[in-house]
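**Student:** This is the structure, below, for whatever I ask next.
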Amino acid sequence: MWQRFTEASRKAIVRAELEAIQGRSEQVEAQHLLLALLNAPECAGAQILLKMGVTPGKVRTVLALDPQATSFDQKMYSKEIEKLSTEFQVDPELIRRIERQLIAKMKDQFKKPELKLSDRMRRILELSSEEARQTQAIVEHANIIGTTHLLLGLLRDNDNPAASALQKLGLNLDLARLEVIEYLRTKGEE
Numbered sequence: 781m782w783q784r785f786t787e788a789s790r791k792a793i794v795r796a797e798l799e800a801i802q803g804r805s806e807q808v809e810a811q812h813l814l815l816a817l818l819n820a821p822e823c824a825g826a827q828i829l830l831k832m833g834v835t836p837g838k839v840r841t842v843l844a845l846d847p848q849a850t851s852f853d854q855k856m857y858s859k860e861i862e863k864l865s866t867e868f869q870v871d872p873e874l875i876r877r878i879e880r881q882l883i884a885k886m887k888d889q890f891k892k893p894e895l896k897l898s899d900r901m902r903r904i905l906e907l908s909s910e911e912a913r914q915t916q917a918i919v920e921h922a923n924i925i926g927t928t929h930l931l932l933g934l935l936r937d938n939d940n941p942a943a944s945a946l947q948k949l950g951l952n953l954d955l956a957r958l959e960v961i962e963y964l965r966t967k968g969e970e
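The opening residue of the sequence shown carries number 781 in my numbering; numbering runs sequentially from there.
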């Protein structure tokens, strides 16, 4: 299955898994893939998003307001952080920052859990594959799935928190397709 994916798109999926782990999710979801794309500014998908004014901070803000994007565990965890911050009079963001630093230091000591792709994520990957075939017909490039196609797959499956966040930030599928085609014509494959 993964042979058609570029190295950058495979790395994006691995980063999505890490986003899911950090978010204490049980599965890799669409919003994890979107954040993974944005956290790799060198990849084509991120460059298109950044060109359109979509930043990691904006996406995280929009996703934080979307109840579908937050798992039950995350909600409970956020309440616990708020409780601790009140009890010890500490800024909740400081607690989160310390936690991220500890996770970064300890990540090599523990085997990361294997998370499964959600059904929606599998569907997004299928749609990404279809988008790669469609753009190949318009722009001459190999029949591979890059991060640009992952972005299009996210938007094409428009009933997910990532697509909703992008739409709220002014990016829709048609606009993204135009940007992807322009990117592939001028810069080629990633």
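For glycine and all other residues, C-beta sits at the position ideal for the given N, C-alpha and C.
Take F852 and list the residues in its own chain whose beta-carbon comes closer than 6 Å to its own, dropping the five residues that flank it on each side.
**Tutor:** Confidence at F852 is low in this model, with a pLDDT of 37, below 50, so its placement is unreliable and no value can be given for it.
**Student:** At which residue ranges does the segment 920 to 947 contain complete alpha helix (DSSP H) runs of 4 or more residues, listed in the order of the chain?
**Tutor:** Here the runs fully enclosed are 927 to 936.
**Student:** List the residues that DSSP assigns as beta-bridge partners of V808.
**Tutor:** For V808, which the question treats as bridged, DSSP gives the partners L897.
**Student:** Taking the CB atoms as reference points, tell me whether E911 and H929 lie closer together than 7 Å.
**Tutor:** For E911 and H929, yes; Cβs fall inside 7 Å.
**Student:** Look at the alpha carbon of K896 and the alpha carbon of L931, and state the distance between them as a whole number of angstroms.
**Tutor:** When rounded, the distance between both Cα atoms is 20 Å.
**Student:** Could you give the distance in angstroms between the alpha-carbon of R965 and the alpha-carbon of L935?
**Tutor:** One C-alpha to the other measures close to 21 Å.
**Student:** At which residues does the alpha helix (DSSP H) containing V794 begin and terminate?
**Tutor:** 787 to 802 is the extent of the alpha helix (DSSP H) around V794.
**Student:** Applying the criterion that 16 or more other CB atoms from any shown protein chain within 10 Å of the CB defines a buried residue, is L874 buried or exposed?
**Tutor:** Exposed, because fewer than 16 other Cβ atoms sit within 10 Å of the Cβ of L874.
**Student:** Terminal residues of the continuous alpha helix (DSSP H) containing V839?
**Tutor:** Run containing V839: 836 to 844, per the alpha helix (DSSP H) assignment.
**Student:** In whole angstroms, give me the CA-to-CA distance for K801 and S908.
**Tutor:** A quick correction: the sequence has Ile, not Lys, at residue 801. Rounded to whole angstroms, I801 to S908 spans 23 Å at the Cα level.
**Student:** Would you mind working out which of G968, N819, E867, S898 sits nearest Q916, comparing C-alpha positions?
**Tutor:** The option with the nearest alpha carbon to Q916 is G968.
**Student:** Let's see if you can read the secondary structure: which residues bound the alpha helix (DSSP H) around Q827?
**Tutor:** Residues 824 to 831.
**Student:** Does DSSP put F852 in a helix, in a strand, or in coil?
**Tutor:** For F852, the predicted structure reports a pLDDT of 37, less than 50, and the residue's modelled location is therefore unreliable. The matter cannot be settled from this model.
**Student:** Quick check: A810 and R902, are their CB atoms within less than 7 Å of each other?
**Tutor:** No, the pair does not count as a contact, with Cβ atoms beyond the cut-off.
**Student:** Would you check if the segment 811 to 831 and the segment 942 to 951 touch, i.e. whether three or more CB-CB distances between them fall below 8 Å?
**Tutor:** As far as the Cβ criterion goes, the segment 942 to 951 touches the segment 811 to 831, which means the pair count is three or higher.
**Student:** Any heavy atom of the ligand COA inside 6 Å of the beta-carbon of V919?
**Tutor:** Judged by which ligands are present, the structure shown has none, so any question about the ligand COA falls away.
**Student:** Report the CB separation of L949 from K791 in whole angstroms; it is logged as a contact under 8 Å.
**Tutor:** The pair is not a contact, with the Cβ atoms about 24 Å apart (cut-off 8 Å).
**Student:** If you measure between the beta carbons of M832 and L951, is that distance less than 7 Å?
**Tutor:** Yes, Cβ-Cβ distance for M832 and L951 is below 7 Å.
**Student:** Compute the Euclidean distance between the alpha carbons of A849 and L843, then round it to the nearest angstrom.
**Tutor:** In a straight line, the C-alpha of A849 is about 6 Å away from that of L843.
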